[in-house]
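In my numbering, the protein residues as written are 6 to 813.
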């Protein structure tokens with residue numbers, strides 16, 4: 006019997022090649038989209054699972070507020086890790102990372118130098134804490150001596166080739182020798198940190214600090230077996246009182262009760278290791294993390310597109326129902342039961358589902374490189390054929406076949422032989438209503454995705470064109486200016502001799518993609534006050550503000566004409582307002598030594614207009630500039646017409662002043678765009694899937710148009726005989742479907758508005774949701790629907806009326 010079902014199913018597929026192809030195409034695209042998003046979502050949820058202790062490891066985070074300035078960070082103080090391990094039985098072990106900048110690395114005795122950006126300081130117990138092995142070296146002792154480091158496999162091969170490098174020496178930044186004591190496997194992609202070189206923390210003086218109110222270390226705790234994180238978290242308030250309380254008293258002259266009474270707070274929190282990638286977006290993150298909201302959004306998109314494809318199958322199957330009606334009637338006359346007919350039609354649906362799944366797997370494999378580029382992933386299509394995924398695919402294929410085939414099967418099998426054989430087929434109002442609901446569902450989802458895509462790109466355009474308070478165009482950034490050491494000023498002066506370099510500055514900070522350095526400042530000349538403020542403090546030269554085209558709103562910029570500017574300060578507007586100070590007033594801090602009670606006072610000589618130096622998701626925070634030689638960065642404003650020649654000129658100067666060191670540069674506007682790479686990625690993915698959703702919806706509409714044309718072929722014939730034009734008939738047939746799209750628009754508009762409002766709420770600075778976006782989306786959906794309907798309606802309207810009326 007099953008063999009007979011399959012033979013008939015293949016025969017019908019060959020007989021209706023065009024509609025079979027549309028069915029397979031729609032389901033294949035829907036399944037392929039579902040496979041892509043399933044791989045994406047699975048990868049996002051798989052982060053940080055490689056450690057055998059993943060379920061026991063938690064990161065220790067801090068959240069606090071000082072004088073209303075709230076900050077939440079993934080960093081902790083130096084003594085926190087050791088205190089937690091020594092004083093709390095719930096903690097089995099603790100570990101710290103300390104981020105560092107770029108390093109130039111070469112094998113000792115060789116000239117070839119490599120720039121390594123992913124370098125970090127690590128506690129000696131890294132491999133024991135995370136449960137990792139070494140390819141070469143002893144994991145227990147490899148970081149237990151000063152001046153030692155370990156390399157990942159890729160970096161070791163780059164520097165040493167295929168040899169065992171343990172015991173070999175490398176030179177960092179042409180000045181410090183380190184012994185290579187181990188080589189470890191490259192970190193998996195689904196890890197929340199990736200470092201090519203780990204340097205022992207034993208050399209770092211800041212690792213020995215005892216101060217709790219200085220946050221510089223990513224700190225992880227491994228809990229003992231059976232310990233619940235909430236049991237340990239319950240002890241944190243007491244820890245805050247005993248460790249942070251005395252320092253708050255020292256710096257603010259407030260005990261904890263007074264501190265909290267004025268609305269401030271300090272708190273410690275545990276974040277599960279496996280939650281960091283998707284649920285943590287704090288200051289001090291080791292890398293840019295994902296976002297659980299986007300995972301949920303993409304999961305919904307994948308499911309909706311698959312549902313759209315199933316709806317298409319139903320509509321296209323019922324659209325050809327008139328052609329199958331006589332077949333059903335004959336089968337029933339010949340003794341076929343309704344159950345047998347249902348099995349026949351479901352067999353056909355299963356066959357189409359099987360073919361579509363095979364095609365979808367091929368499409369997914371073929372398009373995987375493009376999806377990886379779009380999503381910023383390194384997914385492998387081979388994962389689809391793993392045991393777990395393959396069983397899911399088979400289940401999806403069966404469910405899709407059953408769901409897509411059940412409605413047409415039950416619908417077609419209920420036809421009465423007497424009516425179908427006489428050509429008096431009554432398709433009924435109920436089935437038409439169900440099909441209309443399905444079309445409304447399809448276009449509701451499609452319009453939501455069109456609106457979402459438009460608003461995402463509007464926000465990106467707003468970000469890229471918003472006035473930032475500085476000029477980011479044609480600013481060439483050299484991030485490793487510290488390599489020049491005493492030659493940095495000479496490099497700047499030599500660069501300015503070329504007419505293509507319009508301005509230049511040397512500073513510790515640039516307002517795009519550089520690290521903030523926070524410090525506590527006090528209004529006035531006295532640090533013994535309870536009024537303290539956290540300011541982002543940076544050192545610049547005399548040409549900084551003019552090079553970046555920043556605007557002074559009060560006072561003046563730093564100038565060589567004023568020798569006292571060495572102890573002067575320029576605040577941004579936010580800092581001046583928050584501290585209630587202005588030009589001529591003083592601010593003070595501890596001179597970089599928080600244990601000292603001796604104030605270093607700075608006279609405010611100017612207030613610069615607020616500028617955005619962090620993401621537009623955040624408010625502009627208070628900032629202070631000082632004059633000083635902190636040679637982290639060189640920024641040069643260059644002519645746009647001869648950029649390549651200018652870069653070659655600068656590289657020549659660099660080679661003279663820093664021989665053997667790579668010349669690395671970037672442009673500020675490009676660095677700015679990378680800050681919002683995640684939003685750009687989301688917008689592109691939205692756009693692609695919105696297009697596919699519209700395409701699949703149009704396939705379904707095409708099927709419904711075919712159904713309507715068949716159902717109304719006699720009506721069309723009569724209208725043509727009575728003189729109706731083809732245009733009139735096309736409009737007549739299309740209008741009912743345009744009304745369905747209009748209903749979909751009314752449903753989709755409020756849903757998409759509130760959904761995108763929630764997304765935009767993540768940005769402090771955001772575009773408005775404009776009415777024209779909804780109008781344009783609705784118009785586009787109607788236009789696409791009308792064009793799709795017109796093709797089939799035009800074909801029906803051009804048919805010879807004699808064909809449809811010959812039996813009347």
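Yeah, the Cβ is synthetic: ideal placement off N, Cα and C, and Gly gets one too.
Q: With a 10 Å radius around its C-beta and 16 neighbouring C-beta atoms as the bar for buried, classify residue 542 as buried or exposed.
A: buried
Q: Drop a sphere of 10 angstroms on the beta-carbon of residue 225, count the other beta-carbons inside from all chains shown, and report buried for 16 or more, exposed for fewer.
A: buried
Q. Helix, strand or coil: which one does DSSP assign to residue 600?
A. Summary for residue 600: the model assigns pLDDT 48, below 50, so the residue's position carries little reliability; its value from the coordinates is reported in the next sentence. It is coil, neither helix nor strand.
Q: Just the C-alpha distance for residue 659 and residue 498, rounded to the nearest angstrom, thanks.
A: Separation of residue 659 and residue 498 (C-alpha to C-alpha, rounded to the nearest whole angstrom) is 12 Å.
Q. Taking all protein chains shown into account, do 16 or more other C-beta atoms lie within 10 angstroms of the C-beta of residue 229, making it buried, or fewer, making it exposed?
A. exposed
Q: Look at the Cβ atom of residue 220, then the Cβ atom of residue 102, and state whether they are nearer than 9 Å.
A: no
(Q) Count Cβ pairs between the region 442-459 and the region 695-706 that sit closer than 8 Å; are there 3 or more? (A) yes
(Q) With DSSP as the reference, identify every bridge partner of residue 543, one or two as the case may be. (A) Residue 543 pairs with 630.
(Q) For residue 170 and residue 158, I'd like the C-alpha separation in whole angstroms. (A) 11 Å
Q) What residues are listed by DSSP as bridge partners for residue 538? A) 526
Q: Could you tell me if residue 37 is buried or exposed, where buried requires 16 or more neighbouring beta carbons within 10 angstroms of its beta carbon?
A: buried
Q: Apply the 10 Å Cβ neighbour rule to residue 23 and answer buried if 16 or more other Cβ atoms are within range, or exposed otherwise.
A: exposed
(Q) Out of 564, 462, 583 and 743, which one is the CA nearest neighbour of residue 682? (A) 462
Q. Would you call residue 190 buried or exposed, if buried means 16 or more other Cβ atoms sit within 10 Å of its Cβ?
A. exposed
Q) Between the region 47-57 and the region 249-256, are three or more C-beta pairs nearer than 8 Å? A) no
Q. Excluding five sequence neighbours on each side, which residues of the same chain lie with their C-beta closer than 6 Å to the C-beta of residue 454?
A. 695 and 698
Q: Select from 185, 198 and 214 the residue whose C-alpha is nearest the C-alpha of residue 204.
A: 185
(Q) Contact defined as beta carbons within less than 8 Å: I believe residue 384 pairs with residue 688. What is the distance between those atoms, to the nearest angstrom? (A) With 8 Å as the limit, residue 384 and residue 688 do not qualify as a contact, their Cβ atoms being about 20 Å apart.
Q: Let me know the secondary structure DSSP gives residue 594 once reduced to three states.
A: strand
Q. Exposed or buried, what is residue 570 when buried is set at 16 or more other beta-carbons lying within 10 Å of its beta-carbon?
A. buried
Q) For residue 179 versus residue 105, is the C-beta distance shorter than 9 Å? A) no
Q) From residue 131 to residue 149, what distance separates their C-alpha atoms? A) 10 Å
Q.
Can you give me the C-alpha to C-alpha distance between residue 317 and residue 356, rounded to a whole angstrom?
A. 16 Å
Q.
Alpha carbons only, please: which of 736, 440 and 645 is nearest the one belonging to residue 506?
A. 645
Q.
Please state the DSSP three-state secondary structure of residue 481.
A. strand
**Q.** In DSSP terms, what residue 277 is bridged to
**A.** DSSP lists 63 as partners of residue 277.
Q. Between residue 120 and residue 669, which are expected to be in contact by the criterion C-beta below 8 Å, what is the C-beta distance as a whole number of angstroms?
A. 6 Å
**Q.** Given 8 Å, three or more beta-carbon pairs between the region 603-615 and the region 557-571
**A.** yes
Q: Give the single residue among 76, 177, 98 and 167 whose Cα lies nearest to the Cα of residue 125.
A: For the residues 76, 177, 98 and 167, the minimum Cα distance to residue 125 belongs to 177.
Q) Among 676, 25 and 172, which one has its Cα closest to the Cα of residue 618? A) 676
Q.
Could you tell me the alpha carbon to alpha carbon distance between residue 234 and residue 251, rounded to whole angstroms?
A. 26 Å
Q. For residue 513, which residues of its own chain have a beta-carbon under 6 Å away from its beta-carbon, when the five flanking residues on both sides are left out?
A. 543, 544, 635 and 637
Q) From residue 64 to residue 606, what distance separates their C-alpha atoms? A) Across the structure, residue 64 and residue 606 are spaced so that their CA atoms are roughly 37 Å apart.
Q: Please decide whether residue 760 counts as near chain D, where near means a Cβ-Cβ distance under 9 Å.
A: Absent here is chain D; the protein component of the structure consists of one chain.
Q. For residue 682, which residues does DSSP report across the bridge?
A. Note: residue 682 sits in no beta bridge, so no partner.
**Q.** Extent of the continuous beta strand (DSSP E) to which residue 488 belongs
**A.** Careful: residue 488 lies outside any beta strand (DSSP E) and carries neither H nor E.
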